[in-house]
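**Q** Structure below; questions to follow.
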């Protein structure tokens, strides 16, 4: 004989779908990648700050610099053995021709200045550092 058929019986419904939690390895890798990226960014920022600190563009009044060497100077600590001159004034918007024609006049407002340092692009305005010897 055959089994009797049942009408109206509801087939069993599947339970809620189970989704496993994401593997912890991916989260750990993501955290490591973010830490490495943060360290790289911090390293770049520190290197940029360190290199710009000795750049004459960062020179301000009362900073000390090395003697001009090959038309360049570096900002150094005033107690450094390399310190040779002190910035007593900074004059913006001067061309190299301005300095060549009237360097004494440019630094005249700074009576202790004995030398000048110009930085800029030839034919364009740059800045002049009025420099005095360290005492």
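Residue numbers (full-length UniProt numbering): 1 to 135. Virtual Cβ for every residue (Gly too), placed ideally from N, Cα, C. Predicted model only: the values in this text are computed from it and were never measured.
1. So which of 129, 95, 123 and 121 has the shortest CA-CA distance to residue 108?
2. Give me the Cα-Cα distance between residue 122 and residue 95, rounded to the nearest whole angstrom.
3. Determine the contact status of residue 62 and residue 86, defining contact as a CB-CB distance below 9 Å.
4. Can you look up residue 80 in the DSSP assignment and give me helix, strand or coil?
5. With distances taken from CA atoms, which of 36, 41, 33 and 91 is nearest residue 60?
6. Going by DSSP in three states, residue 144 sits in which element: helix, strand or coil?
7. Could you round the C-beta distance between residue 99 and residue 116 to whole angstroms and report it? I think they count as a contact, below 8 Å.
8. Nearest CA to the CA of residue 56: which residue from 44, 118 and 111?
9. Give a yes or no on whether the C-beta atoms belonging to residue 113 and residue 93 are separated by under 9 Å.
10. Between the Cα of residue 154 and those of 81, 111 and 127, spot the shortest distance and give me the residue it belongs to.
**A** If we stick to the structure as given:
1. 129
2. 7 Å
3. yes
4. coil
5. 91
6. There is no way to answer for residue 144, as the model of the chain reaches only from 1 to 135.
7. 6 Å
8. 118
9. no
10. Residue 154 cannot be examined here, being either before or after the span of the chain that is shown, 1 to 135.
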